[in-house]
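Here's the structure, in structure tokens; my notes come after.
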Amino acid sequence: MKKNKYKNNNTEEKPEKTREETKKLQTEMGEKFGERTEELKKRTKELEETRRALINMLEDVEEARVKAEEERSKTQAIITNLADGLLVFNKDNILILANPQVENFFKIRAEKIIGKSTIELTKFLNFKSLMTILTNNYSNKIINKGIKEVFREEIIIKKNLILEVSTVPIVKEKEQLGMSIILHDISREKLIEQMKTEFVSLAAHQLRTPLSAIKWTLRMILDGDLGKITQEQEGFLQKTYQSNERMIGLINDLLNVTRIEEGRYLFKRVSANIEEIVKPIIKSYQTEMGRKKITFIFRKSTVILPKVEIDKEKIGLAIENFIDNALKYTFPGGRVTVALKYAKKEIEFSVKDTGIGIPNDQKDRIFTKFFRGANVIRMETEGSGLGLFITKNIIEAHGGRVWFESKEGEGSTFYFALPINRT
């Protein structure tokens, strides 16, 4: 009976233990289930956020694509409707773009020339002159060597079509990507310029004849060939004579400009010593210098100057223009210094003054036709604005160079240099 008692106690303990274990297991499973549920919620939230981010990204990409397409369309429209011709070459000198105006200028379809090199394009008759310029003179320098500069040149494509060629290197972060060429039709401008030149030439010739007659008549009266004149009459006649001389000088300048522009400004070169040209010109200005009380200094070369091949008359005109400007724009009591020197296989001539100088914002126009500085105009001095233009053309035709230094209110120094080995 005792044995059975113990057996019943064990039997009662087992269900109780089982219930506790089951409860514990349920609790653990509940906790794990809860953790798992929370993790799934978290993952679901992350996935939702990722989905939204992807959608936003795709929307941004689509928006960027649409904007890029709009910009591309705008750029294409600009290129297509550009009044100027546009050619774009890559760094290998291969044509990658040609707009419709190029097709119009050269009467050729773009697809026939795109993908061709500058050398290959010379085989196309209308392109030959343009490509020859680029290939021989500029293409290798600008594209291969990466020179970041712009050049302009005029080119005649056919009888009534003259183009101004401008090239600009395409550079990104100092890397040379290629070159763009802009072709601007200047045919109308050239026609107008030619008509203007012809008119100026005709008017100048028509004016010079009566002015010459007036000059010689006045000279005869002043010399007493037509009878005696009073001192007062002589004063009036001298002023008239000087005014007439200025008009003749202007006419001569206009004719010289016309000849330069038409390529008819001829040069008769002889071997000459430039100092022998300078001296008499300086002497001719002595009276004017004395009248204005201007101190004059002539600094001769420290060495014997070799002879150069020059047109004595035209070089003399260039020298006169420099000295005349210095006297004209230097106030009484100022100083003018003329100098000659031998430098680096060149003969350098300079005229320095203590005059009004040139404004900084106008210096780049100083050698252009008809230009006169704003400060010069305010002084109401006489002048045509042609002297320096003519001088520059004369010196450059001799293979020389012209330049200047100036500070407004302090004076200017104008230089020209002629090569000694000029033949």
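Okay, so the sequence shown: first residue is 1 according to full-length UniProt numbering, each after it adds one. From the three backbone atoms N, C-alpha and C, an ideal C-beta is built for every residue, glycine too.
Where residue i sits in the DSSP three-state scheme
i           : result
residue 416 : strand
residue 169 : strand
residue 425 : A question about residue 425 goes unanswered here, because the residues of the chain that appear run from 1 up to 423.
residue 85  : strand
residue 75  : helix
residue 122 : coil
residue 295 : strand
residue 382 : coil
residue 359 : coil
residue 105 : helix
residue 431 : Absent from the structure is residue 431, since the part of the chain shown begins at 1 and ends at 423.
residue 99  : coil
residue 389 : helix
residue 367 : coil
residue 230 : coil
residue 141 : Unreliable placement is indicated for residue 141, whose pLDDT of 48 sits below 50; the coordinate value is still reported in the next sentence. Helix, per DSSP.
residue 285 : coil
Rounded C-alpha distance that separates residue i from residue j
i           : j           : result
residue 425 : residue 42  : Since the displayed the chain opens at 1 and closes at 423, residue 425 lies outside it and no answer follows.
residue 392 : residue 367 : 7 Å
residue 173 : residue 96  : 21 Å
residue 24  : residue 34  : 15 Å
residue 91  : residue 262 : 38 Å
residue 325 : residue 338 : 12 Å
residue 418 : residue 228 : 49 Å
residue 198 : residue 205 : 11 Å
residue 225 : residue 401 : 47 Å
residue 221 : residue 233 : 10 Å
residue 114 : residue 192 : 35 Å
residue 243 : residue 375 : 23 Å
residue 327 : residue 306 : 29 Å
residue 111 : residue 169 : 23 Å
residue 424 : residue 330 : Outside the displayed span of the chain (1 to 423) sits residue 424, for which this structure offers no information.
residue 52  : residue 29  : 34 Å
residue 303 : residue 342 : 7 Å
residue 109 : residue 200 : 42 Å
residue 22  : residue 58  : 52 Å
residue 27  : residue 46  : 28 Å
residue 292 : residue 202 : 37 Å
residue 32  : residue 68  : 52 Å
residue 295 : residue 410 : 16 Å
residue 239 : residue 253 : 21 Å
residue 61  : residue 188 : 48 Å
residue 235 : residue 212 : 20 Å
residue 216 : residue 332 : 32 Å
residue 83  : residue 251 : 39 Å
residue 255 : residue 185 : 28 Å
residue 346 : residue 72  : 55 Å
For residue i, the residue or residues it bridges with in DSSP
i           : result
residue 398 : Partner(s): none; residue 398 has no beta bridge.
residue 405 : 413
residue 117 : 94
residue 271 : 309
residue 353 : 336
Residue i and residue j closer than 9 Å at C-beta
i           : j           : result
residue 348 : residue 241 : no
residue 385 : residue 370 : yes
residue 309 : residue 271 : yes
residue 77  : residue 267 : no
residue 162 : residue 190 : yes
residue 183 : residue 102 : yes
residue 89  : residue 118 : yes
residue 281 : residue 319 : yes
residue 278 : residue 317 : no
residue 85  : residue 181 : yes
residue 257 : residue 356 : no
residue 344 : residue 413 : no
residue 129 : residue 94  : no
residue 208 : residue 248 : yes
residue 153 : residue 133 : yes
residue 260 : residue 315 : no
residue 158 : residue 126 : yes
residue 408 : residue 360 : yes
residue 394 : residue 311 : yes
residue 387 : residue 321 : yes
residue 285 : residue 323 : yes
residue 100 : residue 75  : no
> Counting only runs that start and end within the region 299-349, where is the beta strand (DSSP E) found for 3 or more residues in a row?
Replying inline: 308-310, 335-343
> For the region 147-228, which segments carrying the beta strand (DSSP E) assignment without a break, of at least 3 residues, lie completely within its bounds, in sequence order?
Replying inline: Within the region 147-228, the complete beta strand (DSSP E) runs of at least 3 residues are 151-158, 161-172, 175-185.
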